[in-house]
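Chains as they are written, first to last, in the working numbering: chain B, 11 to 407; chain F, 26 to 241.
All C-beta atoms in this analysis are idealised placements derived from N, C-alpha and C, irrespective of residue type, glycine included.
One structure is given below, encoded as structure tokens.
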Ligand SMILES: [Zn+2]
């Protein structure tokens, strides 16, 4: 698939941007702070309804919009799939200036988000995955070296684009977990009855079972692909191994890794959650469930987060992203759009060649770089070059 | 911070420490649902800077809503007479009672037409994260009226919102009422999931009432 048109209004540094794109490689040259990362962020937002970089929706709204009565950031895109299907997607974020003129606040607070698919108002879960992207950035290092939450987030964004029911299960699970933990604390204070847990336990098991099952299958698929990619990127290094570590007791974990069905996993998670009620009440938190998941990543048999070098960690993150590209293509029969946010300049020639080979195998790639000479133009035959300055994108071939 | 330094209001407010008027106002706002500590501060400082007439109007509106508006002692709907007109209407079917979360949901079902039974307003749905358990809802009042006043009710339709909190409330009520020999039903799906009842269109609402289902 490829993005045929991108339209931004009041998104970060872009007061207004209209961009018509072709399939192929697009390279955007811009100084640091020119907003080139914001451009890729907006495209990711259209694919996933999330921003990896903004802490709140309000951050996405451009400051220049705050004088308006109803400030609105709007990102819209037109997608063309390999089968010739045309889909338009739109994410609009309304923000209100902090109450009281900014004495205590200042940052705009997001007031609401609206999603449209083909012009019709839809829920977020109906929009995610219409445009699929694989975003490469320096922040990917956190997938290898960061806390477990980074790996769960990576899995969620990856799976969500391929599996709409996963998005609904994730949204529901997140809310159920919050409600259940609150109820556990009320139980601690003897302000609730134990049977009030019944509904939340059942929902936790059903939705948690769906998450565990999808994550197990995805990590298994990504692991073998990532191992092959790593071996090609670092032929002299040890093997890259990614192993799913579900946040459930070991017996259920081994049933899950052994390929048990989603229904069986949900049933067993329900039994585990039921059995742990007393312990959960005592701690005021839910112990078992996919919110405690992790992925163990090792290079040559040693934990990558603690023993691998920076270079090895970067290469492992790159291998995971390349695995994601292959996985997305295999699952859907259509290639995702690659977004390379200033990642090429730090790679040596051999690794750059490997990434560019993947880039030329998909339908569309958008590359940002601070340097007009890197990557060398000779390595990108047929690419379209642009400069970005002051929120304005211009062709510079 | 320029506003807090305004000489007039500073003298009136005293130092913004614990127990000061401004601190009491912040705490009062913080107790409201959905207001975090930061929003409570913003609201309090907004009131502090606002003209006195605006603050007075707010205070009066707060008192008036407590003094003038009453809840029907049977159905808990907002009313100006107790019992309300629906509860007193001899033409209503007293064998079927529809439970809703909010007065607005009752209005929506009345507007849709097709239902001639009684209502009961819970004033919320079970949501532990918002500090709302069964005790915080008008469930004890529902049990009392079914026992003492509306003894002919044979069916209770649970018309809570089709979201997690509404579903949790429906299950709780079903477990409470089924042992009393009452048929407990739920509005049929077809309502947009995740949306609030008050925004549903009339046709959808009317159809959802016709195809209501038993709660397992
Ligand atoms: Zn009444």
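Pairwise C-alpha distance: residue j and residue i
i                      : j                      : result
residue 25 of chain B  : residue 229 of chain B : 40 Å
residue 407 of chain B : residue 361 of chain B : 25 Å
residue 313 of chain B : residue 254 of chain B : 13 Å
residue 218 of chain B : residue 179 of chain B : 8 Å
residue 128 of chain B : residue 113 of chain F : 50 Å
residue 264 of chain F : residue 289 of chain B : For chain F, the structure presents residues 26 to 241; residue 264 of chain F sits outside this window and is missing.
residue 387 of chain B : residue 55 of chain B  : 29 Å
residue 102 of chain B : residue 19 of chain B  : 9 Å
residue 163 of chain B : residue 177 of chain B : 12 Å
residue 54 of chain F  : residue 67 of chain F  : 10 Å
residue 177 of chain F : residue 196 of chain F : 22 Å
residue 86 of chain F  : residue 296 of chain B : 42 Å
residue 16 of chain B  : residue 32 of chain B  : 11 Å
residue 84 of chain B  : residue 170 of chain F : 51 Å
residue 226 of chain B : residue 267 of chain B : 7 Å
residue 94 of chain B  : residue 122 of chain B : 33 Å
residue 148 of chain F : residue 186 of chain B : 21 Å
residue 29 of chain B  : residue 403 of chain B : 8 Å
residue 317 of chain B : residue 145 of chain B : 26 Å
residue 100 of chain B : residue 374 of chain B : 20 Å
residue 107 of chain F : residue 53 of chain B  : 57 Å
residue 405 of chain B : residue 394 of chain B : 8 Å
residue 137 of chain F : residue 97 of chain B  : 36 Å
residue 69 of chain B  : residue 27 of chain B  : 18 Å
residue 137 of chain B : residue 21 of chain B  : 19 Å
residue 186 of chain F : residue 194 of chain F : 9 Å
residue 82 of chain F  : residue 72 of chain F  : 11 Å
residue 262 of chain B : residue 301 of chain B : 15 Å
residue 206 of chain F : residue 179 of chain F : 8 Å
residue 50 of chain F  : residue 59 of chain F  : 16 Å
Cβ-Cβ separation, residue j to residue i (assumed contact under 8 Å), whole Å
i                      : j                      : result
residue 206 of chain B : residue 193 of chain B : 6 Å
residue 323 of chain B : residue 151 of chain B : 6 Å
residue 23 of chain B  : residue 40 of chain B  : Contact flag wrong, Cβ pair sits at about 10 Å.
residue 214 of chain B : residue 190 of chain B : 6 Å
residue 365 of chain B : residue 328 of chain B : 7 Å
residue 144 of chain F : residue 131 of chain F : 5 Å
residue 47 of chain B  : residue 351 of chain B : 6 Å
residue 385 of chain B : residue 42 of chain B  : Not quite, the Cβ-Cβ distance comes to about 17 Å (not below 8 Å), so this is no contact.
residue 123 of chain F : residue 109 of chain F : Contact flag wrong, Cβ pair sits at about 14 Å.
residue 143 of chain B : residue 349 of chain B : 5 Å
Closer than 9 Å to chain C by CB, residue i
i                      : result
residue 196 of chain F : The chain inventory of the structure shown lacks chain C, comprising the protein chains B and F.
Ligand 3 heavy atom lying under 8 Å from the CB of residue i
i                      : result
residue 402 of chain B : With respect to ligand 3, the structure offers nothing, as its ligand set consists of ligand 1.
Three-state secondary structure assigned by DSSP to residue i
i                      : result
residue 351 of chain B : strand
residue 148 of chain F : coil
residue 173 of chain B : coil
residue 312 of chain B : strand
residue 161 of chain F : helix
residue 15 of chain B  : strand
residue 150 of chain B : helix
residue 97 of chain F  : coil
residue 168 of chain B : helix
residue 180 of chain F : strand
residue 369 of chain B : helix
residue 411 of chain B : Nothing about residue 411 of chain B can be read from this structure; chain B reaches only from 11 to 407.
residue 209 of chain B : helix
residue 258 of chain B : coil
residue 319 of chain B : coil
residue 47 of chain F  : helix
residue 301 of chain B : helix
residue 238 of chain F : strand
residue 159 of chain B : helix
residue 27 of chain B  : strand
Sequence-ordered residues whose beta carbon comes within less than 6 Å of a heavy atom of ligand 1
F/97, F/99, F/100, F/102, F/108, F/109, F/111 and F/112
Going along the chain, which residues of the region 147 to 167 of chain F sit with their C-beta nearer than 9 Å to a C-beta in chain B?
151, 152, 153, 154, 155, 156, 158, 159 and 160
Any residues in the region 174 to 192 of chain F with a beta carbon nearer than 8 Å to a beta carbon of chain B? Which ones, in chain order?
189, 190 and 192
Identify each residue in the region 267 to 281 of chain B for which the Cβ-Cβ distance to at least one residue of chain F is less than 7 Å, and report them in chain order.
none
Residues from the region 22 to 54 of chain B in contact with chain F, defined by Cβ distance under 9 Å:
none
If you measure beta-carbon to beta-carbon, which residues of the region 209 to 233 of chain B are closer than 8 Å to chain F?
209, 210 and 213
Residues in the region 184 to 198 of chain B having any Cβ partner in chain F nearer than 7 Å:
185, 186, 188, 189, 192, 193 and 196
Mind listing which residues of the region 154 to 173 of chain B have their C-beta closer than 7 Å to chain F's C-betas, in chain order?
none
Could you run through the region 123 to 151 of chain B and flag, in chain order, every residue whose CB is less than 8 Å away from some CB of chain F?
133
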